[in-house]
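Peer 1:
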Amino acid sequence: MNLIEELRWRGMIQDIMPGTEEQLNKEMTTGYIGFDPTADSLHIGSLVPILLLVHFQKAGHKPIALVGGATGMVGDPSGKSEERNLLSEETLQKNVAGVKAQLEKFLDFNPSLPNAAEMANNYDWFRNISFIDFLREAGKYITVNYMMAKDSVKKRIEGDTGISYTEFAYQLMQGYDFYWLYQHKNCKLQMGGSDQWGNMTTGTELIRRKCGGEAFVFTNPLITKTDGGKFGKTESGNVWLDAARTTPYQFYQFWLNASDTDAEKWVRIFTFLTRDAIEILIHEHKMNPAERVLQKTLAQEITIFVHGKEEYEKAVETTQKLFANQNAPAESLSIEDMEGMEGIVKSNFSKEKITAGIDIVSFLAETAIFDSKGNARKNIQGGGVSINRKKVEAADFKIDTSLLLHDKYILVQKGKKNYYLVQAI
RNA sequence: GGGCAAGUAGCCAAGUGGCCAACGGCAACAGACUGUAAAUCUGUCCUCUUCGGAGUUCGGUGGUUCGAAUCCAUCCUUGCCCA
210 MNLIEELRWR
220 GMIQDIMPGT
230 EEQLNKEMTT
240 GYIGFDPTAD
250 SLHIGSLVPI
260 LLLVHFQKAG
270 HKPIALVGGA
280 TGMVGDPSGK
290 SEERNLLSEE
300 TLQKNVAGVK
310 AQLEKFLDFN
320 PSLPNAAEMA
330 NNYDWFRNIS
340 FIDFLREAGK
350 YITVNYMMAK
360 DSVKKRIEGD
370 TGISYTEFAY
380 QLMQGYDFYW
390 LYQHKNCKLQ
400 MGGSDQWGNM
410 TTGTELIRRK
420 CGGEAFVFTN
430 PLITKTDGGK
440 FGKTESGNVW
450 LDAARTTPYQ
460 FYQFWLNASD
470 TDAEKWVRIF
480 TFLTRDAIEI
490 LIHEHKMNPA
500 ERVLQKTLAQ
510 EITIFVHGKE
520 EYEKAVETTQ
530 KLFANQNAPA
540 ESLSIEDMEG
550 MEGIVKSNFS
560 KEKITAGIDI
570 VSFLAETAIF
580 DSKGNARKNI
590 QGGGVSINRK
600 KVEAADFKID
610 TSLLLHDKYI
620 LVQKGKKNYY
630 LVQAI
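In this note's numbering, the protein residues as written are 210 to 634.
(1) Run through the DSSP bridge pairs and tell me what A499 is partnered with.
(2) Under the assumption that A268 contacts L316 (Cβ atoms under 8 Å), give the Cβ distance between them as a whole number of angstroms.
(3) Starting from the Cα of N181, find the closest Cα among G549, L573, S543 and G566 and give me that residue.
(4) Going by DSSP, name the residue or residues bridged to L620.
(5) According to DSSP, is K625 part of a helix, a strand, or is it coil?
(6) Would you mind reading off the limits of the alpha helix (DSSP H) that contains M356?
(7) Do V305 and P246 have their CB atoms nearer than 8 Å?
(8) Rounding to the nearest angstrom, what Cα-Cα distance links W464 and K434 in this structure?
(9) Report the rounded CA-to-CA distance for S543 versus G240, giving the unit in angstroms.
(10) Check L256 in the structure and name its three-state DSSP category.
(11) Output the distance between the C-alpha atoms of I489 and G307, rounded to the nearest integer angstrom.
(12) Report the residue from K626, A499, R586 and E298 whose alpha carbon sits nearest the alpha carbon of V283.
(13) For N588, name the three-state secondary structure that DSSP assigns.
(14) Which one or two residues does DSSP pair with Y241 in a beta bridge?
(15) Quick one: Cα of E526 to Cα of M550, how far?
(16) Distance, Cα to Cα, H252 vs F514?
(17) Could you spell out where the alpha helix (DSSP H) holding E414 opens and where it closes?
(18) Any idea what DSSP makes of A329, helix, strand or coil?
(19) Using the rule of at least 16 other Cβ atoms within 10 Å of the residue's Cβ for burial, across every protein chain shown, is T410 buried or exposed?
(20) Straight-line CA distance for A603 to K495?
(21) Tell me the residue span of the alpha helix (DSSP H) that contains K518.
(22) Is K599 helix, strand or coil when you go by DSSP?
(23) Specify the secondary structure class of L614 as computed by DSSP and reduced to three states.
(24) With which residues is F558 paired in a DSSP beta bridge?
(25) Compare the beta carbon distance of E414 and I351 with 8 Å and say whether it is the shorter of the two.
(26) Are E520 and L482 closer than 8 Å when you measure CB to CB?
(27) With 16 as the cutoff for other CB atoms within 10 Å, does R365 come out buried or exposed?
(28) Quick check on DSSP: helix, strand or coil for T300?
(29) Check whether the Cβ atoms of Y388 and D285 sit closer than 8 Å, and answer yes or no.
(30) If A424 sits next to Y391, beta carbons under 8 Å apart, how far is it from one beta carbon to the other, in whole angstroms?
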C-alpha cells in the first residue's frame, strides 16, 4: 500500500491534485505543511496535519514543518467571515517559539537520515523582501481575477463584511512560501486542511508561471463531530497539546469520551494502527460496545503519541481510581490513591474554615470550582454536584471535618466526569 | 466627498416607545436514561445574590420622555452604489 492509498483508506485525504501520487511513487519528495502561530500552543485541530507529516516521513519522504511567522502577521481569511485583529509582534514571536517547540517533538530531525525533517519559518525569507520586490516577484504572476475566484475570498467579497487588502494578499504570501521552498528546498508538495486548498493552489500556480515547475498539493478533511459540535472543544475550552494547558489526564479523557461513530472514524486518523488491527477493533467494539475498546485504544494511542507512555499510564491510573468502581464509597480510596491522582484539578482550602463548618455554596465558590455562588447553587439544585461521591441534595449542605478523607482531602465532582480534589491545609 | 443600508448576549438572529435581561436557533454546562457513548426529554446559559431580588447591557456619546434596544442629534465602524 503506498502512502496515498494508505491515507485515503484512513480518510485523511479530501482533495488531491492529479499527478501527486505518481510524483510520490517516483522519488523521495519533499513536502511541507504550514502552521499558524495564532497561540503559543497547538491544539488538537493541528494533530491531523502533524500526523500527515509523520506518515509522510514514515513513507520515506522528507517533511518540512513551516511556522507562519510572517503570514501570521497578516491573517488568513480562509474560513473566517470577518477581518481579524492583528497579533502584536511580541505575541507572535512567543507563539512561533511555542509552536516550533511542539512540532519538533513529533518528527525525526536526525540529520543522518536522507529524509530528515526540517523546520522553517517564513519570516526568514519575508523579513528581507521589500514591498516592491514582492509586487514584482510574486504579484506580477498572479492575476487579481484568479485570486478573487478563490472561495475564501469570494465568500468575503459576496458577504457583508468585505476583505482588507492585507487579508486578500494572504494567499499570495502563502503561494510565495511554496515557491520559495520549491526553489531552495526542492519542495514539490504542500499538504494542509481542506480550507487551505485555495491558498495552496496559488502556490503551484506561482511555481508554474514563474519557473515552469510542477508542484502538487493535497488536503485532509477537517475533523467534525457527528453531533454537529466543534471538534476539540470542551467545557474548559480548546484541547491543547501543551500539558500545562490541558493535562494528559484531561487529554486522555477527551478521546475516551468520543462517541461510537466518531471513534470509528478517528481511530483511523489518529492512530498508526494497521488496517487489519483497526478492523478487528471495530468488530470487537460492535460485539460489546459497553467495553468501549475503540475509545480506549484511540485514547491510548494518541495520548502516547502526544504525551508519552509515562503520562499515558498516569492518566489511565487516575481514570481507574475515579471511574472503575464508581459506586464504591470515596472512603475506600487510599491516601496513596488520592495523592497519586495526576491531572485532575487540585486546590487547597483552609482547614480552619472546614473545622468551623462552611456551607457548600461558599465552599464551592471559594475553591474556584464554580465561578460564583449563584452558579454553584444552580448546579446543586440541578443535581450536578457530588461530595465524596455522594450527590449533594440541598444547597444548605454543610462542609465539616467529618467529610475529610484521611483527615485531608475532599473529593468534589461537578457532573459525573469533572473531578476536583480539595486539600485542607 | 454624495446616496443607501447595517451594527443586539460566545455565534446566528428576532424585537422597532412600557408586557425587555430582550423570541428563536446553534454551541456550551448539568440532570434523567445509558456504556464516562449516540439519540431523546428536562433544567441552566450578562454579572452578583442572603434566591426575595439587585446591578450593568442592545456600536459610542449626548438628548427627548414619567419611561428608550426602540424616537432625535452627533460621532465611530462595516457593506453596497455613485464621484
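Here a beta-carbon is modelled for each residue, glycine too, at the ideal position from N, C-alpha and C.
Peer 2: Judging by the given coordinates:
(1) In DSSP, A499 forms no bridge with anything.
(2) That belief does not hold up - the Cβ atoms of A268 and L316 are roughly 13 Å apart, past 8 Å.
(3) Lying outside 210 to 634, the shown extent of the chain, residue 181 is not represented and no answer is given.
(4) L630
(5) coil
(6) V353 to M357
(7) yes
(8) 12 Å
(9) 52 Å
(10) helix
(11) 38 Å
(12) E298
(13) helix
(14) I273 and Q399
(15) 8 Å
(16) 14 Å
(17) W406 to C420
(18) strand
(19) buried
(20) 41 Å
(21) K518 to T528
(22) strand
(23) strand
(24) A633
(25) yes
(26) no
(27) buried
(28) helix
(29) no
(30) 6 Å
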